[in-house]
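Peer 1: Residues in the sequence shown are numbered from 1167 upward in steps of one, following the numbering used here.
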Amino acid sequence: MTGSSLVEFSAPESARARPLRIALLTHLQDLADVDMAIAMAEAAEALKAAGAHAREFRLPATFIGAESDQRTIQLVEIARHYAPEHRQHRSQLSESLLALLDEGAGITEDRYIPARNQFDELPKQAASLFRGWDASLL
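1) Tell me the residue span of the beta strand (DSSP E) that contains F1223.
2) Would you call the CB atoms of L1213 and A1205 closer than 7 Å?
3) Go ahead and label H1252 buried or exposed: buried means 16 or more other beta carbons lie within 10 angstroms of its beta carbon, across all protein chains shown.
4) Specify the secondary structure class of S1260 as computed by DSSP and reduced to three states.
5) Between A1215 and the ligand MG, is there a pair consisting of the residue's CB and a ligand heavy atom that are separated by less than 6 Å?
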């Protein structure tokens, strides 16, 4: 969401005759700090007051594990990319980088491949899930 007002919103011609449709995703709301939760609620109310159609819904369970899958993928791929430096220049790397590289190198293909496959499916699922919505707010 940008700082533009709804009046400045430039939608396709087909969408201009109808209210803006906003999907209010609530699955991460429990993780937000109080100020963020208040800001999101105020933004949703402002959109509704401006005439937008807004509906709350939760993402399917497949999206909930996406953060964990992304972390697994990133750790494995960073460990693979920096494997030569990890092996040859270990003493010159920071403790925090070494911890990430060690963790990534320790992840098995049995854990990486399912995470990669699941993560790769999310864009298709998202396209289907968000069909008919102009924007999402989470």
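The C-beta atom is built at its ideal place from N, Cα and C for all residues, glycine as well.
Peer 2: Reading it off the structure:
1) In the sequence shown, residue 1223 corresponds to position 57, counting from 1. It spans 1219 to 1223 - the beta strand (DSSP E) in which F1223 sits, taken as one unbroken run.
2) Here the question's residue 1213 lines up with position 47 in the sequence shown. Here the question's residue 1205 lines up with position 39 in the sequence shown. With respect to the 7 Å criterion, L1213 and A1205 are not classified as neighbours on the basis of their beta carbons.
3) Against the sequence shown, residue 1252 aligns to sequence position 86. Under this definition H1252 is a buried residue.
4) Translated into the one-based positions of the sequence shown, residue 1260 becomes position 94. In this structure, S1260 counts as coil in the three-state DSSP scheme.
5) This structure does not include the ligand MG; it has no bound ligands of any sort.
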